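In terms of my numbering, the sequence shown has 290 at position 219, counting the first letter as 1, and numbering is strictly consecutive.
Each residue gets a CB set at the ideal place from its N, CA and C atoms; glycine is no exception.
Just so you know, these numbers come straight off a predicted model, no measurement behind them.
Working notes for the structure below.
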Amino acid sequence: MFDRINQPWLMGILNVTPDSFSDGGRYLTIDDALRQAECMVLEGARMLDIGGESTRPGALPVTPAEQMARVIPVIHALRQRLPDDIGISIDTCSSEVARAALEHGACLINDISAGLGDPKMLPLAAHRGAAIVLMHMQGTPRTMQDQPHYDDVVTEVSAFLQQRIDAALQAGVPRQAIAIDPGIGFGKRRVDNLQLLAALPRFCALGYPVLLGTSRKRFMGALCQIEDPCALVPATVATTALGVMAGVKLFRVHDVAANRQALEVAWAIRQAETSLNTLNDVSKS
Ligand code: HH2
72 MFDRINQPWL
82 MGILNVTPDS
92 FSDGGRYLTI
102 DDALRQAECM
112 VLEGARMLDI
122 GGESTRPGAL
132 PVTPAEQMAR
142 VIPVIHALRQ
152 RLPDDIGISI
162 DTCSSEVARA
172 ALEHGACLIN
182 DISAGLGDPK
192 MLPLAAHRGA
202 AIVLMHMQGT
212 PRTMQDQPHY
222 DDVVTEVSAF
232 LQQRIDAALQ
242 AGVPRQAIAI
252 DPGIGFGKRR
262 VDNLQLLAAL
272 PRFCALGYPV
282 LLGTSRKRFM
292 GALCQIEDPC
302 ALVPATVATT
312 ALGVMAGVKL
322 FRVHDVAANR
332 QALEVAWAIR
342 QAETSLNTLN
352 DVSKS
């Protein structure tokens, strides 16, 4: 599926949870969830990421049964209503939840544990022909921000992602079905998040589409002295523009319209940069 990505895609976030850090409790009824999903698609989302478990720092795990009760009716209704070319992703570390979501029309598993949370996850993706996002996280959501530590965050996150790519390939997931994500905010200090963002080209150079998830995250609030995550749209948009220039292919965002403007403009500049480089190469030869 990722081989279809030419221009970078926006993945709209839809949390069907009471406690997500910025949109918890907003989309608990099917009607509210559908309205928000359709709005994000109209604004330019190419995929929707549906989650039934908050992964904010300190969050407790939600059982697979509870996650399924939250997300499956929404995924089922969305698949009936959305055009076929709008992909549905399930944000979970549980193979049971992922399996049910795939049966109801999801095509992508967004696994923040990169398959380590459930040994059946990678074989499931391989068997069902589903795409998978492999994300780096240090620790678990409950404890990850207690005392994260790295000697060299970029090298360590890169090595982890390469290891999880190898595990996915070994489980039988085709290479064009794998995307990677440095896991902004997942067991990271502010300096770690900033170094990972500065090193996006290195993650892109691993040869797999990179997903970036900065939307409304706290490290940007700390930099801008803003507490309300919903007021961090301009900061998020800045990271989207930077990500496009670095070669990122997927952006997981709450605010689709604003990020789309950043994406379109940055993409046009990136293409201009490519044609400039070609011209320079020709004139040198
Ligand atoms: N961030 C969140 C959840 N899932 N998945 C990927 N691949 N990358 C991310 O950066 C990422 C993710 C956290 O954001 P959100 O879903 O808005 O909040 P919550 O976990 O509280 O529901």
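Exposed unless 16 or more other CB atoms sit within 10 angstroms - verdict on R141: buried
Give me the residue from H220, M206, I121 and D155 with the minimum Cα distance to A171. I121
Could you tell me which residues DSSP pairs with D252 in its beta bridges? By DSSP's assignment, D252 forms a beta bridge with M206.
Would you say the beta carbon of T163 comes nearer than 7 Å to a heavy atom of the ligand HH2? No - the ligand HH2 has no heavy atom lying nearer than 7 Å to the Cβ of T163.
Can you give, in chain order, each stretch of the beta strand (DSSP E) that sits fully within the region 224-280 and has at least 3 residues? List check, beta strand (DSSP E) in window: 249-252.
Within 8 Å, strictly: CB atoms of M192 and P128: no
Could you tell me the distance, in whole angstroms, from the CA atom of Y221 to the CA atom of D102? 44 Å
Is the region 149-159 in contact with the region 107-116, if contact means three or more CB pairs nearer than 8 Å? yes
Considering only their Cβ atoms, is the gap separating V315 from R341 smaller than 8 Å? yes
Take I159 as the anchor and find which of S166, E167, N181 and S165 has the nearest alpha-carbon. The shortest C-alpha separation from I159 is found at N181.
Through-space distance from L265 to A242, alpha-carbon basis: 33 Å
Assuming G83 and S125 form a contact by the criterion Cβ under 8 Å, report the distance between their Cβ atoms to the nearest whole angstrom. Incorrect: roughly 17 Å between the Cβ atoms, too far for contact.
Alpha carbon of E335 to alpha carbon of N351, nearest angstrom: Approximately 24 Å, taken between the alpha carbons.
If you measure from the CB of N86, is any heavy atom of the ligand HH2 nearer than 7 Å? yes
Once DSSP output is grouped into helix, strand and coil, what is the label at S165? Secondary structure at S165: coil, using DSSP grouped into helix, strand and coil.
Would you call L347 buried or exposed, if buried means 16 or more other Cβ atoms sit within 10 Å of its Cβ? Its Cβ having fewer than 16 others within 10 Å, L347 is exposed.
Under three-state DSSP, which class holds M215? coil
Taking 7 Å as the cut-off, is the CB of T307 close to at least one heavy atom of the ligand HH2? no
How many Å lie between V327 and L85 at the Cα? Our two residues, V327 and L85, have alpha carbons roughly 11 Å apart in a direct line.
Whole-angstrom Cβ separation of L195 and A169, contact assumed at under 8 Å? 6 Å
Quick one: is A333 buried, meaning 16 or more other Cβ sit within 10 Å of its Cβ, or exposed? buried
Looking at the structure shown, is F92 part of a helix, part of a strand, or coil, going by DSSP? coil
Return the residue from the list L277, A130, A116 and F73 that minimises the CA-CA distance to M230. The amino acid at residue 230 is misidentified as Met; the sequence shows Ala. With distances taken between Cα atoms, A230 lies closest to L277.
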